[in-house]
Amino acid sequence: RFELSEESLDESVAALRITVVRGVGLKNMEMFGNQSPYCVLSLGDKKSRTQVVRCGGSSPTWAADAGTVTLPCPSDDEHGLLRIAIFDEEPLKKDDFVGEACVNVAALEEMHWEFSGELQVYRESLEPQGRLEVEIRPDPLHIGSLGDVPRCLIEATPAKVHASYFVGAIHAMQEGDTYREFLTYNVRLQNIHEVFGLAWNEGADGMHPETFAPGPKAAAVRGALSAVHWRLYNTDVFSAGGAVAPSASVKFLGSGEDFLELIGFGCRLGRRRVYTYSLIGKGLYFSETGVALSKDGASKHLIHANAAMKVRCAGTFRVCERPGSGTPVLVVDNDSGTYMPKGAHVGLFRRLLKLNFPGLSVLSLDVTQPQPVESMKLIGPNETKGDPFATYAGTWQWVQEPLPFK
Numbered sequence: 096r097f098e099l100s101e102e103s104l105d106e107s108v109a110a111l112r113i114t115v116v117r118g119v120g121l122k123n124m125e126m127f128g129n130q131s132p133y134c135v136l137s138l139g140d141k142k143s144r145t146q147v148v149r150c151g152g153s154s155p156t157w158a159a160d161a162g163t164v165t166l167p168c169p170s171d172d173e174h175g176l177l178r179i180a181i182f183d184e185e186p187l188k189k190d191d192f193v194g195e196a197c198v199n200v201a202a203l204e205e206m207h208w209e210f211s212g213e214l215q216v217y218r219e220s221l222e223p224q225g226r227l228e229v230e231i232r233p234d235p236l237h238i239g240s241l242g243d244v245p246r247c248l249i250e251a252t253p254a255k256v257h258a259s260y261f262v263g264a265i266h267a268m269q270e271g272d273t274y275r276e277f278l279t280y281n282v283r284l285q286n287i288h289e290v291f292g293l294a295w296n297e298g299a300d301g302m303h304p305e306t307f308a309p310g311p312k313a314a315a316v317r318g319a320l321s322a323v324h325w326r327l328y329n330t331d332v333f334s335a336g337g338a339v340a341p342s343a344s345v346k347f348l349g350s351g352e353d354f355l356e357l358i359g360f361g362c363r364l365g366r367r368r369v370y371t372y373s374l375i376g377k378g379l380y381f382s383e384t385g386v387a388l389s390k391d392g393a394s395k396h397l398i399h400a401n402a403a404m405k406v407r408c409a410g411t412f413r414v415c416e417r418p419g420s421g422t423p424v425l426v427v428d429n430d431s432g433t434y435m436p437k438g439a440h441v442g443l444f445r446r447l448l449k450l451n452f453p454g455l456s457v458l459s460l461d462v463t464q465p466q467p468v469e470s471m472k473l474i475g476p477n478e479t480k481g482d483p484f485a486t487y488a489g490t491w492q493w494v495q496e497p498l499p500f501k
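Sequential numbering of the sequence shown, starting at 96, is according to our numbering.
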């Protein structure tokens with residue numbers, strides 16, 4: 096959470112001087128004794144590495160310039176992520192991957208290429224596996240005028256994709272689709288509490304209050320749904336060799352385009368798709384939904400929310416296009432009978448998405464209000480109730496156009 100300037104530097108910055116100061120609470124890859132960590136920093140196709148901290152263990156400290164590297168500053172069309180991967184040096188085998196932290200380069204530029212603080216380290220899950228203290232300075236040193244600053248995020252947002260082949264096979268049979276694993280997505284959005292504050296939506300206020308009632312019967316139902324959540328969100332997308340590479344286990348999203356690429360720009364098998372989501376304290380959980388009974392069941396808001404008693408927001412979203420330009424627009428709503436989020440809360444969800452994914456165009460709709468006429472001009476999925484060719488029996492109307500052949 097940082098304050099960033101909208102002004103640009105008066106002079107170009109040729110390179111960045113990046114110092115890894117120390118690690119805190121990193122995973123120790125050694126069964127006996129302490130690991131010897133070092134960092135590999137990459138920006139675009141440029142890489143550099145720090146020195147090794149011998150027996151540094153879980154909380155290594157890089158002395159003097161041992162943790163300092165210099166990388167060329169990216170040009171305007173090369174903005175992406177500054178990746179800091181941590182490895183444990185091994186003398187007789189391949190070095191072990193310890194974890195990775197990522198910096199959003201576009202936000203770093205707005206900070207005039209200066210940052211000092213801690214970054215979360217992730218490994219194979221979205222639970223942080225320690226922290227990394229770093230300092231970033233332009234080289235040669237040049238500090239612009241900070242002035243009035245808007246709010247932005249320096250860290251890229253981590254996400255993970257999970258696959259269920261069994262559920263995917265059932266969906267394929269029911270919908271007549273080509274077989275594909277059923278994917279669920281977990282995005283650890285930042286600043287949820289800062290954006291939502293005390294805003295929550297209680298399941299007891301929704302259409303199924305009996306599910307949230309006290310007593311063993313309701314608790315058993317929630318326990319069963321929580322078990323489904325665990326199953327859907329604890330599977331990995333494996334490669335042909337049967338292993339998940341460390342770099343593929345957690346994806347880092349630094350822009351709106353990154354998020355859209357994560358979900359294939361909302362399209363699969365030549366059709367625009369609709370997703371159900373639940374936003375809870377730990378992040379955003381969502382999957383594709385549809386008209387098939389099994390898919391609708393697997394994408395229920397209560398399952399995404401891990402049977403939580405309350406959520407920040409819940410509903411559906413889809414990727415639409417502006418006519419003429421083809422610009423993608425993420426349209427989010429509060430269409431969840433389980434939690435019945437307030438209309439104002441879907442506006443907070445929009446703000447949260449734009450904060451985490453710079454450049455993402457987001458439109459929020461309140462399911463309790465008529466659809467704005469202008470929004471009906473967007474090109475989107477078929478959500479017409481009663482239409483056998485509909486992707487999802489929803490609420491909104493969009494212009495129907497076939498996807499361009501690719």
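Think of the CB as a built atom: it goes at the ideal place given N, C-alpha and C, for glycine as much as any other residue.
For the beta strand (DSSP E) containing Phe199, name the first residue and the last one. A small correction: the amino acid at residue 199 is Asn; Phe does not occupy that position in the sequence shown. It spans 191-199 - the beta strand (DSSP E) in which Asn199 sits, taken as one unbroken run.
Can you grab the Cα-Cα spacing for the pair Pro223 / Arg367, in whole Å? When rounded, the distance between both Cα atoms is 34 Å.
Verify whether the separation of the beta carbon atoms of Val369 and Thr411 is less than 8 Å. It is a contact, given that the beta carbons lie within the stated cut-off.
Per DSSP, what are the beta-bridge partners of Gly410 in this structure? Paired residue(s): Tyr372.
Residue burial classification, Pro418 (beta-carbon count within 10 angstroms, cutoff 16): Counting Cβ neighbours within 10 Å, Pro418 comes out exposed, since fewer than 16 surround it.
For my contact list, Thr279 and Leu327 are in at a C-beta cut-off of 8 Å; report their separation, rounded to the angstrom. Sure, about 5 Å apart at Cβ, within 8 Å.
Through-space distance from Thr163 to Ser143, alpha-carbon basis: Going by the C-alpha atoms only, they are around 9 Å apart.
To the nearest angstrom, how far is the alpha carbon of Ala264 from that of Ile398? The predicted model places Ala264 with a pLDDT of 48, which falls under 50 and marks its position as unreliable, so this point remains unresolved.
Considering only residues of the same chain and omitting the five flanking positions on each side of Ser103, which have a CB-CB separation below 6 Å? Note that Ser103 scores 30 on pLDDT, short of 50, meaning its location in the model is unreliable; the coordinates nonetheless yield the value given after this. Excluding positions up to five away in sequence, the list is empty.
Alpha carbon to alpha carbon, how far is Val119 from Ser154? Give it in angstroms, no decimals. Whole-angstrom Cα-Cα distance: 5 Å.
Inter-residue CB distance, Leu121 and Gly194 (contact presumed, cutoff 8 Å): So it is a contact: roughly 6 Å between Cβ atoms.
DSSP state of Glu209 mapped onto helix, strand, coil: Per DSSP, reduced to three states, the secondary structure at Glu209 is coil, with no helix or strand assignment.
May I ask you to list the residues that DSSP assigns as paired with Gly442? According to DSSP, Gly442 bridges with nothing at all.
Distance check for Glu478 and Gln495, CA to CA, integer angstroms please. Each residue's CA atom was taken as its position, placing Gln495 and Glu478 some 10 Å apart.
Look at Val519 and Leu176 and say whether their C-beta atoms are less than 8 Å apart. Residue 519 lies beyond the range of the chain shown here (96 to 501); nothing can be said about it.
What does a CB cutoff of less than 7 Å around Ala196 pick up in its chain, not counting 5 residues either side in sequence? For Ala196, where only same-chain residues beyond five positions count, the Cβ hits under 7 Å are Ile179, Leu214, Gln215, Val216, Leu227.
Buried or exposed: Val462, going by 16 or more other Cβ atoms within 10 Å of its Cβ? Around the beta carbon of Val462, 16 or more other beta carbons lie within 10 angstroms, which makes this residue buried.
From the DSSP output, in three-state form, read off Thr306 for me. Three-state DSSP puts Thr306 in a helix.
Could you name the residues of the same chain whose beta carbon sits closer than 6 Å to that of Pro341, not counting the 5 residues immediately before and after it, in chain order? Any reading at Pro341 must be qualified, since the residue scores a pLDDT of 40, below 50, and its modelled position is unreliable; no value is offered.
If you reduce the DSSP assignment to three classes, tell me which class Asp243 lands in. No answer about Asp243 holds up, because its pLDDT of 30 lies below 50 and its placement is not dependable.
So does Arg363 have its beta carbon nearer than 7 Å to some heavy atom of the ligand FAD? No copy of the ligand FAD appears in this structure; indeed no ligand is present at all.
Starting from Val323, follow the beta strand (DSSP E) in both directions and report where the run begins and ends. Not the beta strand (DSSP E): Val323 falls in the alpha helix (DSSP H), residues 311-327.
Determine the contact status of Ala402 and Arg283, defining contact as a CB-CB distance below 8 Å. Annotated as distal: Ala402 and Arg283, with beta-carbon spacing of 8 Å or more.
Considering only the beta carbon of each residue, do Lys449 and Leu443 sit closer than 8 Å? In terms of Cβ geometry, Lys449 and Leu443 do not form a close pair [threshold 8 Å].
Where DSSP assigns a beta bridge to Gly134, which residues make up the other side? Checking the sequence shown, residue 134 turns out to be Cys, not Gly. Beta-bridge pairing links Cys134 to Ile181.
Could you please give the first and the last residue of the uninterrupted beta strand (DSSP E) stretch that includes Ser382? Note, Ser382: beta strand (DSSP E), 378-384.
To the nearest whole angstrom, what separates the beta carbons of Gly225 and Gly432, a pair I think is in contact under 8 Å? That pair is no contact at about 40 Å.
Beta strand (DSSP E) segment containing Ile113, residue limits: Judged by DSSP secondary structure, Ile113 falls within the beta strand (DSSP E) whose first and last residues are 110-119.
Suppose you measure from the CA of Gly365 to the CA of Pro476; what does that come to, to the nearest Å? Rounded to the nearest angstrom, the gap between the Cα atoms of Gly365 and Pro476 is 11 Å.
Start-to-end residues for the alpha helix (DSSP H) that takes in Phe127: Per DSSP, Phe127 belongs to no alpha helix (DSSP H) and is neither H nor E.
Residues bridged to Leu458 (per DSSP): DSSP, once it has assigned bridges, lists Val426 as partnering Leu458.
If you drop the 5 nearest sequence neighbours on each side, which residues of the same chain put their C-beta closer than 6 Å to that of Gly351? So the list reads Phe452, Gly454, Leu455, once near-sequence residues are dropped.
Could you give the C-beta distance for Leu355 and Val414, rounded to a whole number, given that I count them as a contact under 8 Å? The distance from the Cβ of Leu355 to that of Val414 is about 6 Å, consistent with a contact at the 8 Å cut-off.
Can you give the beta carbon distance from Trp295 to Arg445, rounded, assuming they're within the 8 Å contact cut? Their Cβ separation, rounded to whole angstroms, is 17 Å, which puts Trp295 and Arg445 out of contact at 8 Å.
Best match in Leu248, Val256, Glu219, Tyr487 for proximity to Leu506 [C-alpha to C-alpha]: Residue 506 lies beyond the residue range present for the chain, which begins at 96 and ends at 501; the question has no answer from this structure.
According to the neighbour-count rule (16 or more other Cβ atoms, all chains shown, within 10 Å of its Cβ), is Phe210 buried or exposed? By the neighbour-count definition (other C-beta atoms within 10 Å, threshold 16), Phe210 is a buried residue.
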